[in-house]
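Below is one structure, written out as structure tokens, with a few remarks after it.
2 protein chains.
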Amino acid sequence: MPGKPPAISATRSVERALTLLATVCGGQASTLAECARLTDLPASTALRLLRTLEQGEFVAREEDGGGYRAGPRMVQLGAQALGHEQLIPLCAPALQSIVGATGESAYLSVRGPGSTALYVSIVEGTHSIRHSSWVGRTVPLEGSAAGAVLLGRIPDRGYVTLRSAVEKDVTAIAAPIRRPGGIAGALSIVGPDYRLDPATAERYGLLLAREASAVARSLGVEETTGA
Amino acid sequence: MPGKPPAISATRSVERALTLLATVCGGQASTLAECARLTDLPASTALRLLRTLEQGEFVAREEDGGGYRAGPRMVQLGAQALGHEQLIPLCAPALQSIVGATGESAYLSVRGPGSTALYVSIVEGTHSIRHSSWVGRTVPLEGSAAGAVLLGRIPDRGYVTLRSAVEKDVTAIAAPIRRPGGIAGALSIVGPDYRLDPATAERYGLLLAREASAVARSLGVEETTGA
DNA sequence: ATGGTGTTTCCATTGGATGAAATTTCTGTC
DNA sequence: GACAGAAATTTCATCCAATGGAAACACCAT
């Protein structure tokens, strides 16, 4: 794959700026130097682009003028984007009752950028040792329970279990929220291997599958509360 | 305002792309033509920029290839950005109990881009006629109850009431969540004028103020769950 | 003081962004 | 089903905006 045949048109400066935006908002870099290093840009160029992002309030600087972080406009657009994901409110009760029944952290995930699953909603578990806050994080579709579900690779039993796949000593169980066209999202439980032994995993898996189809059923209704 | 003395440096193409991004994610435009018109760009330029945004999955096209909408990367960055707003989970119980006590929709807002207040969280009211979903929406700081609070213009009684200010026949009541440095956010109630008569408004205002300071108190604790 | 790192300004160069015009595709309408 | 009008897309010669090296500046640590 030498010399990717420019794929197709694209504005370089914009590409770069977007990379910077993702880098900053993803929390991977904060200072100018880090940003420049990580995106492989000359400092002067990175600075100019960051300033443009800052001007639009897509990023902001730490009060003192030190590092960069997500700006208010990003929060706004994010809130709007998440607001459109009607699955989030729909699944809240389901997640809640899953946590109630299992004590483990429960997630809702949908397809993310690239070949990833994106965790968009969580209800934290009640065990003192629990898996916490992956919201906004992505995991590869290949090799994750949620990913397998989103890809439609679901055994007849209706759920997927994966041990120590994405993270060592962590087991994930996921079930699909089906929708007319395909799969809208995945409900999943994430917790330590030792608590999710095969027998328990099966119990939880069936629970997830049940809750997920309940959500799916409520999907059919569509919104009565129009725009 | 002839020839705004270029303020300061900024990359034009990036500025334009960001404007497009905001336009699309804000739901103000969907088709290429709309985007071009709204941002005052030649169609060919708008198309090129949108394609760049699309390539980074910041925007996506409706399956059939029609209009543009927020892409998965936007959802991801949004989820991350909102995840950093620790006020959201902290205020959830407060909002809930406000709704329980009043039946009106309750909001959490913080400072948004420009001189705006941004609604980031809501618990919908229980009245059949209620104010619904402003999440992701901004209102000007000047001339809104939440804005006045965020600006620190708060009467001694501890809350602000505004009738038919942002929207006709709609009354808003807001109270500040104070933090060492200043004001972290505002809790507010939004509902129809006729239900929020002066006496009721006062009752609700005091309730809001009480809940808000309770949240503020829990802010002092800071996170034990470090990064 | 001295070197090192990060940040910022400056500016000459050039290659990337631009947008008018042409072409194709998609509407509706008669 | 053919036609007009709008929208989407491609192309390409022009030129201006983005670029990045260099140098100045601001901060530290030692």
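In order, the protein sequences belong to chains A and B.
First residue of the first sequence: 1, per the numbering used here; consecutive thereafter.
First residue of the second sequence: 1001, per the numbering used here; consecutive thereafter.
Note that CB positions come from ideal geometry on N, CA and C, so glycine has one too.
Kindly say whether A186 (chain A), judged by its beta-carbon, lies nearer than 8 Å to any beta-carbon of chain B. No, its Cβ sits nowhere closer than 8 Å to a Cβ of chain B.
Tell me the residue span of the alpha helix (DSSP H) that contains G1152 (chain B). Per DSSP, G1152 (chain B) belongs to no alpha helix (DSSP H) and is neither H nor E.
Kindly confirm or deny that the stretch 1096–1103 of chain B and the stretch 1079–1087 of chain B touch, where touching means at least three C-beta pairs closer than 8 Å. no
Using a Cβ-Cβ distance under 8 Å, would C1025 (chain B) count as near chain A? yes
Runs of beta strand (DSSP E) lying entirely within the stretch 8–80 of chain A, each at least 3 residues, in chain order: Taking only runs of at least 3 residues, the beta strand (DSSP E) segments lying wholly in the stretch 8–80 of chain A are 59–61 and 68–70.
Amino acids of chain A, ordered along the chain, whose beta-carbon sits closer than 7 Å to that of T1052 (chain B): A10, T11, V14 and E15
Residue environment, V215 (chain A), which counts as buried when at least 16 other CB atoms sit within 10 Å: buried
Starting from I1189 (chain B), follow the beta strand (DSSP E) in both directions and report where the run begins and ends. G1182 to P1192
Using only CA atoms, which one of A:R73, A:E54, A:G78 and A:A79 lies nearest to G67 (chain A)? A:E54
Exposed or buried, what is G191 (chain A) when buried is set at 16 or more other beta-carbons lying within 10 Å of its beta-carbon? buried
In this structure, how does DSSP classify R217 (chain A) when only helix, strand and coil are distinguished? helix
Within chain A, partners of A1022 (chain B) - CB distance below 8 Å: G56, R73 and L77
How would you list, in chain order, the residues of chain A whose beta-carbon sits under 9 Å from the beta-carbon of V1135 (chain B)? A79, Q80, L82 and G83
For T39 (chain A), does the count of other Cβ atoms within 10 angstroms reach 16, so buried, or fall short, so exposed? buried
Bridge partner(s) assigned by DSSP for R1130 (chain B): DSSP lists no partner for R1130 (chain B).
Give the secondary structure of V99 (chain A) by DSSP, where H, G and I count as helix, E and B as strand, and everything else as coil. helix
Select from the stretch 92–104 of chain A all residues with a C-beta closer than 9 Å to any C-beta belonging to chain B, and list them in chain order. none
To the nearest angstrom, report how far apart C25 (chain A) and R69 (chain A) are at their CA atoms. Near 6 Å, if we compare the C-alpha coordinates of R69 (chain A) and C25 (chain A).
Euclidean distance between Cα positions of A1175 (chain B) and S1213 (chain B): 9 Å
Tell me which residues share the same chain as R137 (chain A) and place their Cβ nearer than 8 Å to its Cβ, disregarding the 5 neighbours each side in the sequence. L118 and Y119
Look at R111 (chain A) and P1072 (chain B) and say whether their C-beta atoms are less than 8 Å apart. yes
Inspect the CB distances between the stretch 1199–1208 of chain B and the stretch 1121–1128 of chain B and report whether three or more fall short of 8 Å. no
In chain order, what residues of the same chain have a beta carbon less than 6 Å from the beta carbon of P113 (chain A), not counting five sequence neighbours either side? none
Continuous beta strand (DSSP E) stretch holding R178 (chain A): start and end: V170 to R179
Which residue wins for smallest C-alpha separation from L1090 (chain B), given the options B:I1177, B:D1197, B:Y1194 and B:L1049? Taking only the C-alpha atoms, the option nearest L1090 (chain B) is B:I1177.
Using the three-state DSSP reduction, which class does L141 (chain A) fall into: helix, strand or coil? coil
Pull out every residue of the stretch 1115–1128 of chain B whose Cβ sits closer than 7 Å to any Cβ of chain A, in chain order. Within the stretch 1115–1128 of chain B, the residues whose Cβ lies closer than 7 Å to some Cβ of chain A are L1118 and V1120, listed in chain order.
Along chain A, which residues have their Cβ under 7 Å away from the Cβ of L1041 (chain B)? Residues of chain A passing the Cβ test: none, with the nearest at roughly 12 Å.
Am I right that L1187 (chain B) and A1094 (chain B) are in contact with their C-beta atoms under 8 Å? What's the rounded C-beta distance? 6 Å
Could you tell me how far apart the beta carbons of A1148 (chain B) and V1160 (chain B) are, in whole angstroms, since I believe they sit closer than 8 Å? With a Cβ gap of about 5 Å, A1148 (chain B) and V1160 (chain B) count as contacting.
Taking the C-alpha atoms as reference points, what is the distance between I1154 (chain B) and I1183 (chain B)? 11 Å
Check whether the Cβ of R111 (chain A) lies closer than 8 Å to any Cβ atom in chain B. With respect to chain B, the C-beta atom of R111 (chain A) has a partner C-beta closer than 8 Å.
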